[in-house]
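J.: The numbering of the sequence shown is this note's numbering, which starts it at 3 and goes up by one. Take a look at this one; I'll ask things after.
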Amino acid sequence: MNEFLITFRESLEAALIVGIIYVILDKNGFHAQKKMLWLSVICSVFASAVLGVIIYRSLETLPEGTQALLEGVLMYITAALLFYVIFWMA
Numbered sequence: 003m004n005e006f007l008i009t010f011r012e013s014l015e016a017a018l019i020v021g022i023i024y025v026i027l028d029k030n031g032f033h034a035q036k037k038m039l040w041l042s043v044i045c046s047v048f049a050s051a052v053l054g055v056i057i058y059r060s061l062e063t064l065p066e067g068t069q070a071l072l073e074g075v076l077m078y079i080t081a082a083l084l085f086y087v088i089f090w091m092a
């Protein structure tokens, strides 16, 4: 259930960001770029799904201790990426 809630929350955040970008493009007259926005959304969803399946299948083959270590490393990488994005936005 926790995974579902996290995925649902992240999907809502992504939809909000895409909606904001869409409105900005529409209000500023960049109608041709709206097509690229939707193409980018489709490519992002596809890439996320493929990468998720690859990571999930790869984790299944590892010993349990190594799985926990890799999950910890991925959490630190995620935290570093979030820090970078927040720093870049400021």
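All residues carry an ideal CB built from backbone N, CA and C; glycine is no exception.
1) Can you give the beta carbon distance from residue 64 to residue 72, rounded, assuming they're within the 8 Å contact cut?
2) Suppose you measure from the CA of residue 74 to the CA of residue 20; what does that come to, to the nearest Å?
3) Indicate whether residue 36 and residue 27 have their beta-carbon atoms separated by less than 7 Å.
4) I'd like the list of long-range same chain contacts for residue 34, defined as Cβ closer than 6 Å, with 5 residues on each side in sequence excluded.
5) Would you report the Cα separation of residue 31 and residue 16, rounded to the nearest angstrom?
T.: So, to answer that:
1) 7 Å
2) 30 Å
3) yes
4) none
5) 23 Å
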